[in-house]
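Asker: I have a structure here, written as structure tokens, and I will follow up with some questions on it.
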Amino acid sequence: MDMPTIQHIRAFTLRGAGADYHDQGSGHWIDDHIWTPMAKYPEYRQSRQSFGINVLGTLLVEVEASDGTVGFAVTTGGELGCWIVEKHLARFVEGQKVTDIEKIWDQMYNATLYYGRKGIVLNTISGVDLALWDLLAKVRGEPVHALLGGPVRDELQFYMTGARPDLAKAQGFIGGKLPLHHGPAEGPEGMRKNLELLAAMRRQCGDDFWLMYDCWMGLDLDYATRLATTAYNEFGLKWIEEALPPDDYWGYADLRRKVPPGLLVTTGEHEATRWGFRLLLEMGCCDILQPDVGWCGGLTELLKISALADAHGKLVVPHGSSVYSYHFVITRHNSPFAEFLNMSPGADQVVPMFHPQLLDEPVPVNGRLKASALDKPGFGVRLNPDLALHRPHTH
Ligand SMILES: [Mg+2]
């Protein structure tokens with residue numbers, strides 16, 4: 026087969042909800058007094074947008090092949106990501122065969138080592154990588170999951186993240202993950218409120234429904250240990266997520282030793298590359314890895330992280346990221362369920378996560394999604410043609 030080459034790569038930014046899913050209007054559950062590492066400052070406590078959680082905006086990467094096929098992906102990265110794509114990474118992409126994904130990844134990563142390794146650079150590499158997988162799968166006329174070895178089960182099952190686990194249960198999800206609203210700087214009263222909310226949700230959801238707390242990096246070891254222990258012993262918390270700052274590998278290892286057996290410690294949403302996850306695995310930091318495929322290095326890197334986790338007997342349940350993770354999860358034995366991040370303002374409707382940026386984005390029905398819903402070529406989504414795209418740089 027004569028493989029097309031990649032002729033053009035273009036990077037755009039756009040504002041508002043979508044891949045930068047924190048860029049929501051006021052009154053949204055995702056920005057309602059959620060505890061963060063910045064919440065120790067009272068002036069940044071009520072809203073995460075107040076400290077700039079939505080400053081980046083969406084990065085859209087488009088790659089066009091010599092046969093006219095266009096692949097694309099969205100992630101968080103905005104104008105900074107556009108600059109990295111257009112001024113630096115484009116040289117490793119244009120002129121290469123559409124099958125050269127592994128080589129392109131290696132060149133993008135090694136060429137940016139002196140200023141990259143994590144954060145915005147890896148977000149950007151992830152965006153390019155996902156666009157390349159979308160392009161290759163479209164050139165082949167197959168869904169991305171077929172390129173990964175095909176589905177290992179007939180359907181995905183989901184837990185829901187949002188403020189309403191009670192509705193998640195009614196809608197057929199296997200669990201509900203709450204954002205944590207109070208942390209160490211709010212003392213015993215905040216701790217009491219955290220436990221009261223969990224208790225109320227346990228009463229509404231019954232004994233068997235999974236309930237989890239997402240702590241968005243905001244706690245310290247002592248607070249996290251006390252919260253997790255009481256939450257598990259009294260209210261059956263299933264896991265405590267991202268309790269500590271992501272660089273505190275030692276703290277995570279301590280936390281995992283200190284919490285009651287049976288309670289799962291999870292993290293990895295803000296970790297990147299096989300080397301970052303190797304640290305989490307070898308230091309015994311957690312029970313479930315939660316890489317975001319749009320941030321950790323893309324699908325090419327997620328496959329390596331997943332294989333490493335499998336050899337350590339650990340599950341990989343990617344953070345959010347909709348179709349970009351669904352095509353991966355359905356092909357992995359050690360990814361038995363997926364996250365559905367509820368982006369409706371009250372967490373009461375099942376809406377596509379990347380709305381309004383993507384069209385044809387599938388959503389769970391009764392908490393599940395048939396593998397056949399992922400059978401369109403590429404990642405199976407279209408870019409909404411009504412979007413106001415901005416291309417701040419060219420090359
Ligand atoms: Mg999280």
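What the sequence shown shows, in this note's numbering, is residues 26 to 420, in sequence order.
Backbone N, C-alpha and C fix where the C-beta goes; we use that ideal spot for every residue, glycine too.
A quick note: this is a predicted structure, and the numbers were derived from the prediction, not measured.
(1) Quick one, which of L84, L223, H170, C230 has its alpha-carbon nearest G197's?
(2) Consider the C-beta atom of W241 and the heavy atoms of ligand 1; say whether any pair is separated by less than 8 Å.
(3) Out of G345, L304, I355, which one is the CA nearest neighbour of I330?
(4) Could you round the C-beta distance between T100 and W320 to whole angstroms and report it? I think they count as a contact, below 8 Å.
(5) Please state if the CB of Y277 and the CB of M242 are separated by a distance shorter than 9 Å.
(6) Please name the residue, chosen from K202, T149, P62, M216, that lies closest to R227 on a Cα-to-Cα basis.
(7) For the structure I just gave you, are there three or more beta carbon pairs, one from the segment 86 to 106 and one from the segment 289 to 300, closer than 8 Å?
(8) Between V375 and P389, how many whole angstroms is the CB-CB distance? I'm expecting something under 8 Å.
(9) Touch check for the segment 102 to 110 and the segment 403 to 420: three-plus C-beta pairs under 8 Å?
(10) Just mark N148 as buried or exposed, buried being the case when its beta carbon has 16 or more other beta carbons within 10 Å.
(11) Grab me the residues of N219's own chain with a C-beta within less than 7 Å of its C-beta, minus the 5 sequence neighbours each way, in chain order.
(12) Using 10 angstroms around the beta-carbon of D239, count the other beta-carbons present and answer buried if the total reaches 16, otherwise exposed.
(13) Around the C-beta of V290, are 16 or more other C-beta atoms found within 10 angstroms, so that it is buried, or is it exposed?
(14) Using 9 Å as the threshold, is the C-beta distance between P213 and Y257 below it?
(15) The alpha helix (DSSP H) with L157 in it runs from where to where?
(16) Put Y46 into one of helix, strand or coil per three-state DSSP.
(17) For the 8 Å Cβ check, are there 3 or more pairs between the segment 150 to 158 and the segment 312 to 328?
(18) Since I313 sits in a beta bridge, which residues does DSSP pair it with?
(19) Closer than 8 Å to a non-hydrogen atom of ligand 1 - does that hold for the CB of T61?
(20) Using DSSP's beta-bridge definition, name the partner residues of R393.
(21) Using the Cα positions of A334 and L340, report the straight-line distance between them to the nearest angstrom.
Answerer: Straight from the coordinates:
(1) The shortest Cα separation from G197 among L84, L223, H170, C230 belongs to C230.
(2) Short note on W241: C-beta closer than 8 Å to some heavy atom of ligand 1.
(3) The shortest CA-to-CA distance from I330 to any of G345, L304, I355 is the one to L304.
(4) Yes, T100 and W320 are in contact; Cβ-Cβ is about 7 Å, under 8 Å.
(5) Cβ distance not < 9 Å, so M242 and Y277 don't count as in contact.
(6) Nearest to R227 by C-alpha distance, out of K202, T149, P62, M216, is K202.
(7) By the criterion of at least three beta-carbon pairs nearer than 8 Å, the segment 86 to 106 is not in contact with the segment 289 to 300.
(8) Your pair V375 and P389 checks out as a contact, with CB atoms roughly 6 Å apart and the cut at 8 Å.
(9) Yes, since at least three Cβ pairs between the segment 102 to 110 and the segment 403 to 420 fall closer than 8 Å, the two stretches touch.
(10) A residue is called buried once 16 or more other Cβ atoms fall within 10 Å of its Cβ, and N148 is buried on that count.
(11) Correct list, in chain order: L205, H206, H207, L252.
(12) Burial of D239 is indicated by the presence of at least 16 other C-beta atoms within 10 angstroms of its C-beta.
(13) With 16 or more other Cβ atoms within 10 Å, it is buried.
(14) Not in contact: P213 and Y257 (Cβ atoms no closer than 9 Å).
(15) Run containing L157: 144 to 165, per the alpha helix (DSSP H) assignment.
(16) For Y46, the three-state secondary structure derived from DSSP is coil.
(17) Touching, per the Cβ criterion.
(18) Note: I313 sits in a beta bridge opposite T291, L340.
(19) The answer is no for T61.
(20) Residue pairing of R393 in beta bridges, as defined by DSSP: Q182, V390.
(21) Using only the alpha carbons, I get a separation of about 7 Å.
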